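Colleague:
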Amino acid sequence: MLEIINLNKSYGKNKVLTDINLKIQENKIYGLLGRNGVGKTTLLSLISNQLLRSSGEIKLDGEEIFENSKAMEDICLVKDLPESLKERKVKDILALAGIMYKNWDEEYKNYLIKEFNLNVKKKLMKLSTGNKTILGLIIGLASRSRITIFDEQTLGLDAAMRYKFYNLLLEDFENNPRTIIISTHLIDEVANLFEEVIILNDERIALKDEVSVLKEKSYFLAGQEDLINRVIKAKRVIYKDKFGSKSIVGIYGDLTEDERNYIRTNNIEISNIPLQKLFVYLTENTVKGEFSNGFN
Amino acid sequence: MDSTNRILKFHIYGLKKTALGFWSVMLIINILSYVLTMYYFPRVRVGLFSGNDDTISLAGINIMPIFIFFIVYGILLYHEDFALALSFGATRKDYYKSTIISNILVVLIFAVIQSIIQIVDKHLVASLGFNPMTEFGIFNTSTDSILYIILVFSSIFLTLNSVTNLLGVFQYRFGYKFWVGLGILVLVGQMFFGNLILKLILGFREIYLYLLPRFKSSTIFITGGFVTIISYTLGYFLLRKANIKK
Amino acid sequence: MLDLNSDKSIYIQIAEIIENEILLGNLKEEDQAPSTNQFAKVYQINPATARKGLNILVDEGILYKKRGLGMFVAEGARKKIIKKRQLSFFKEILPEVIMEANRLEITLDELIDYIKELKGGE
Numbered sequence: 000m001l002e003i004i005n006l007n008k009s010y011g012k013n014k015v016l017t018d019i020n021l022k023i024q025e026n027k028i029y030g031l032l033g034r035n036g037v038g039k040t041t042l043l044s045l046i047s048n049q050l051l052r053s054s055g056e057i058k059l060d061g062e063e064i065f066e067n068s069k070a071m072e073d074i075c076l077v078k079d080l081p082e083s084l085k086e087r088k089v090k091d092i093l094a095l096a097g098i099m100y101k102n103w104d105e106e107y108k109n110y111l112i113k114e115f116n117l118n119v120k121k122k123l124m125k126l127s128t129g130n131k132t133i134l135g136l137i138i139g140l141a142s143r144s145r146i147t148i149f150d151e152q153t154l155g156l157d158a159a160m161r162y163k164f165y166n167l168l169l170e171d172f173e174n175n176p177r178t179i180i181i182s183t184h185l186i187d188e189v190a191n192l193f194e195e196v197i198i199l200n201d202e203r204i205a206l207k208d209e210v211s212v213l214k215e216k217s218y219f220l221a222g223q224e225d226l227i228n229r230v231i232k233a234k235r236v237i238y239k240d241k242f243g244s245k246s247i248v249g250i251y252g253d254l255t256e257d258e259r260n261y262i263r264t265n266n267i268e269i270s271n272i273p274l275q276k277l278f279v280y281l282t283e284n285t286v287k288g289e290f291s292n293g294f295n
Numbered sequence: 000m001d002s003t004n005r006i007l008k009f010h011i012y013g014l015k016k017t018a019l020g021f022w023s024v025m026l027i028i029n030i031l032s033y034v035l036t037m038y039y040f041p042r043v044r045v046g047l048f049s050g051n052d053d054t055i056s057l058a059g060i061n062i063m064p065i066f067i068f069f070i071v072y073g074i075l076l077y078h079e080d081f082a083l084a085l086s087f088g089a090t091r092k093d094y095y096k097s098t099i100i101s102n103i104l105v106v107l108i109f110a111v112i113q114s115i116i117q118i119v120d121k122h123l124v125a126s127l128g129f130n131p132m133t134e135f136g137i138f139n140t141s142t143d144s145i146l147y148i149i150l151v152f153s154s155i156f157l158t159l160n161s162v163t164n165l166l167g168v169f170q171y172r173f174g175y176k177f178w179v180g181l182g183i184l185v186l187v188g189q190m191f192f193g194n195l196i197l198k199l200i201l202g203f204r205e206i207y208l209y210l211l212p213r214f215k216s217s218t219i220f221i222t223g224g225f226v227t228i229i230s231y232t233l234g235y236f237l238l239r240k241a242n243i244k245k
Numbered sequence: 000m001l002d003l004n005s006d007k008s009i010y011i012q013i014a015e016i017i018e019n020e021i022l023l024g025n026l027k028e029e030d031q032a033p034s035t036n037q038f039a040k041v042y043q044i045n046p047a048t049a050r051k052g053l054n055i056l057v058d059e060g061i062l063y064k065k066r067g068l069g070m071f072v073a074e075g076a077r078k079k080i081i082k083k084r085q086l087s088f089f090k091e092i093l094p095e096v097i098m099e100a101n102r103l104e105i106t107l108d109e110l111i112d113y114i115k116e117l118k119g120g121e
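Residue numbers (numbering that gives the first Met the number 0), protein chains in the order written: chain A, 0 to 295; chain B, 0 to 245; chain C, 0 to 121.
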């Protein structure tokens, strides 16, 4: 299990991540969501030690991973390859990856190259954007690393290619389970691939929960304002608006049997919040004043 | 250690081709210069000539390209390989360890090759009817054993490599700002201390000449070793704080 | 069919899909239910989500696990499903109808008459 404890990262005076605490379990697919620029890549780069942290601990099976060769062998981060490599041929880059990742599966890599029709004789800079991304996907899949992380690896891929990747991912996950973390902004497509979703917002973790229960924990409530206020008192409010004489709130959390009865008897309309909207609300920038009782 | 081995393989992956290519070109140039000298001397003059033109070394010209090789090799390693190794999960420690090991390997191989060439050169030049240059200051192809010559070359190349390695780390961490800063430092030094570079070189020469009678033939190894250790150590401290570049 | 955009959680839908198959007679007692991986492949969802849905049915005695082989339809599954859905009909669906009827000021007699008509005068 991967444990992140009180992780902080600043670039000079600019604080990006504050007191991040996460427990990542074995053989699960996690989604890391958040607005562009919120710090997803920073967090993932810190986990793979490519970026140096400001403070905090990251432990794998209880051991700190920084400069720990054994721990680092189990972590693979797939993101855009460094600019300086543009003159290298794809097959050389794949060969180097094969040398570096201890669980590398050469046969699987060859299978993937055929599946994606990748020309390995080309130089990196001659690849289309989509193929550059595919190269990254192949490296991540073939690495068979215990913890494999895909950071926004959808650039240049059309829907057909993306779905091909999701299929291959699920297929390999079935036969060779590992911990997978996917960061993306294409929430609609991938939400159902995840077992758990982690939302990063405002330097912190805004939410970490099982995807399957997300729908059951997010509600729109519409009705008279004072009636609604009584229900939402201890709840996490993520949205608030007025519609005619009605007050509409979006909440995230469980509703007790009593609360449900209250809602029913007071004619408060209750409906689910669509996932896409849920994520939008949760990744909104800090809302001061009205909603501040809802956040940490 | 398993991971150091892996990164060593990583380092060596492209090196074989590069080194092979380098020496292929060098050998062609060497052979060409023998041929030219054989048929076209004194109209065409290739090689090293001593002060009054009485001794020649054709293979001695290899030293400059070798130096350039180590300069490029030392600095380029960080520009390309380090970033890639980091993105493939290498620790900085392992990367540095295997950099030093592969540096030593390359240095030894180059030293052996060049030493052999120098000795062959002595015989070939003689067979062409010229006086072969044998005294090269820090070694002598007539009086010194080949092992000694190899050691001398190794020491020089490794010292050079350790310095270019350090420059490579500086370049990686600070980019062009490093070179600008260095340039400014030199200019400022020139202004205040007049001809700083010359003074530094003379200063090193003074230290070397001071040590020479005390350590005689070992002097080159001691001064070289000293610089090598300091350069590699400094490089490591700088690399520990390096982040991945885009 | 699975509706990824529906308000209903996916794992609940999966349970319902299996239940429907049992009700329709496509899955008989002792038949093997589709595996979590089959669900994952067909619908492109995380196998754990499918597992959650199947586990509900195991907890309710509609499916049972055979170690190393998978999930199978239990004895009396059909009856259990019908009973479950009847309960849900009376506890959830009907109260909603009554409340709406009250809101629209439909009397009890009017309601009974309509029900009689729809049900064909039983």
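Glycine is no exception: its CB is placed at the ideal position from the N, C-alpha and C atoms.
No experiment lies behind these values; they were computed from the predicted model shown.
Give the straight-line distance between the Cα atoms of residue 62 of chain A and residue 84 of chain C, rounded to the nearest whole angstrom.
Modeller: One C-alpha to the other measures close to 51 Å.
Colleague: Does any residue of chain A bring its CB to less than 7 Å from the CB of residue 44 of chain C?
Modeller: Yes, residue 44 of chain C counts as interfacial toward chain A.
Colleague: Would you kindly report the start and end of the unbroken beta strand (DSSP E) that includes residue 218 of chain A?
Modeller: Residue 218 of chain A -> beta strand (DSSP E) spans 217 to 222.
Colleague: Using a Cβ distance threshold of 8 Å, determine whether the segment 191 to 205 of chain A contacts the segment 59 to 70 of chain C, with at least three qualifying pairs required.
Modeller: These segments do not touch.
Colleague: With distances taken from CA atoms, which of B:34, B:27, B:210 is nearest residue 123 of chain B?
Modeller: It is B:34 whose Cα lies nearest to the Cα of residue 123 of chain B.
Colleague: Would you grab the beta carbon distance between residue 169 of chain A and residue 43 of chain C for me? Rounded to a whole angstrom, and I think it's under 8 Å.
Modeller: That pair is a contact at about 7 Å.
Colleague: Just tell me which of B:71, B:100, B:67, B:47 has its CA closest to the CA of residue 60 of chain B.
Modeller: The candidate whose alpha carbon is nearest that of residue 60 of chain B is B:47.
Colleague: Along the alpha helix (DSSP H) that carries residue 108 of chain A, what are the first and last residues, could you check?
Modeller: Per DSSP, residue 108 of chain A belongs to the alpha helix (DSSP H) from 105 to 115.
Colleague: Can you look up residue 199 of chain A in the DSSP assignment and give me helix, strand or coil?
Modeller: If DSSP states are grouped into helix, strand and coil, residue 199 of chain A belongs with the strands.
Colleague: Quick one: Cα of residue 89 of chain A to Cα of residue 101 of chain A, how far?
Modeller: About 20 Å.
Colleague: Since residue 227 of chain B and residue 161 of chain B should fall inside the 8 Å C-beta cutoff, what is the C-beta to C-beta distance between them, to a whole number of angstroms?
Modeller: With 8 Å as the limit, residue 227 of chain B and residue 161 of chain B qualify as a contact, their Cβ atoms being about 4 Å apart.
Colleague: Short of 9 Å Cβ to Cβ, which residues in the segment 90 to 123 of chain A face chain B?
Modeller: Listed in sequence order: 91, 92, 94, 95, 96, 98, 99, 100, 101.
Colleague: Of the residues A:207, A:151, A:94, which one's Cα is nearest the Cα of residue 138 of chain A?
Modeller: Comparing Cα-Cα distances from residue 138 of chain A to each of A:207, A:151, A:94, the minimum goes to A:94.
Colleague: Below 9 Å on C-beta distance, what does residue 248 of chain A contact in chain C?
Modeller: None at all; the shortest Cβ gap to chain C is about 17 Å.
Colleague: Check whether the Cβ atoms of residue 3 of chain B and residue 93 of chain B sit closer than 7 Å, and answer yes or no.
Modeller: The answer is yes: Cβ separation under 7 Å.
Colleague: Any Cβ of chain A within less than 7 Å of the Cβ of residue 17 of chain B?
Modeller: Taking Cβ atoms only, chain A never reaches closer than 7 Å to residue 17 of chain B, which makes this a no.
Colleague: With a 10 Å radius around its C-beta and 16 neighbouring C-beta atoms as the bar for buried, classify residue 114 of chain B as buried or exposed.
Modeller: It counts as buried.
Colleague: Note down, in chain order, every chain A residue with its Cβ under 9 Å from the Cβ of residue 12 of chain B.
Modeller: Within 9 Å Cβ-Cβ: 91, 94, 95, 98.
Colleague: If you reduce the DSSP assignment to three classes, tell me which class residue 139 of chain B lands in.
Modeller: Correct three-state label for residue 139 of chain B: strand.
Colleague: Please report the distance separating the alpha-carbon of residue 16 of chain A from that of residue 150 of chain A.
Modeller: If I take the Cα positions, the gap works out to 17 Å.
Colleague: Could you check how far apart the C-beta atoms of residue 12 of chain C and residue 1 of chain C are, in whole angstroms? I think they sit under 8 Å.
Modeller: The Cβ separation is near 6 Å, so the contact holds.
Colleague: Tell me the DSSP secondary structure of residue 241 of chain B in three-state form.
Modeller: Reduced to three states, the DSSP call for residue 241 of chain B is coil.
Colleague: What do you get for residue 288 of chain A, buried or exposed, if any count of 16 or more other CB atoms within 10 angstroms of its CB means buried?
Modeller: For residue 288 of chain A, the predicted structure reports a pLDDT of 36, less than 50, and the residue's modelled location is therefore unreliable. The matter cannot be settled from this model.
Colleague: Under the three-state reduction of DSSP, which class applies to residue 2 of chain A: helix, strand or coil?
Modeller: In this structure, residue 2 of chain A counts as strand in the three-state DSSP scheme.
Colleague: Does DSSP put residue 73 of chain B in a helix, a strand or coil?
Modeller: Helix, per DSSP.
Colleague: Exposed or buried, what is residue 116 of chain A when buried is set at 16 or more other beta-carbons lying within 10 Å of its beta-carbon?
Modeller: Exposed, by the Cβ-count rule.
Colleague: In terms of alpha-carbon separation, which member of A:50, A:276, A:208, A:278 lies closest to residue 21 of chain A?
Modeller: Ranking the options by Cα distance to residue 21 of chain A, first place goes to A:208.
Colleague: Does any C-beta atom of chain A lie closer than 7 Å to the C-beta of residue 51 of chain C?
Modeller: Judged by the 7 Å Cβ criterion, residue 51 of chain C is in contact with chain A.
Colleague: Counting only C-beta atoms, is residue 47 of chain C closer than 7 Å to chain A at any point?
Modeller: It does; some Cβ of chain A falls within 7 Å.
Colleague: Buried or exposed: which applies to residue 256 of chain A, given that a residue is buried once 16 or more other Cβ atoms fall within 10 Å of its Cβ?
Modeller: So residue 256 of chain A ends up on the exposed side.
Colleague: For residue 226 of chain A, which residues from the same chain have a beta carbon less than 8 Å from its beta carbon, with the 5 sequence-adjacent residues on both sides left out?
Modeller: Closer than 8 Å at Cβ, skipping near neighbours: 265, 267.
Colleague: Cα separation between residue 291 of chain A and residue 259 of chain A?
Modeller: Bear in mind that the predicted position of residue 291 of chain A carries a pLDDT of just 40, short of 50, making it unreliable; the figure below should be weighed with that in mind. Answer to the nearest angstrom: the Cα atoms are 24 Å apart.
Colleague: For a contact defined as C-beta to C-beta under 9 Å, what are the partners of residue 50 of chain A on chain B?
Modeller: Per Cβ cutoff of 9 Å: 242, 243.
Colleague: Along the chain, which unbroken stretches of the alpha helix (DSSP H) at least 4 residues long are found entirely within the segment 71 to 116 of chain C?
Modeller: Listed in chain order, they are 76 to 87, 93 to 102.
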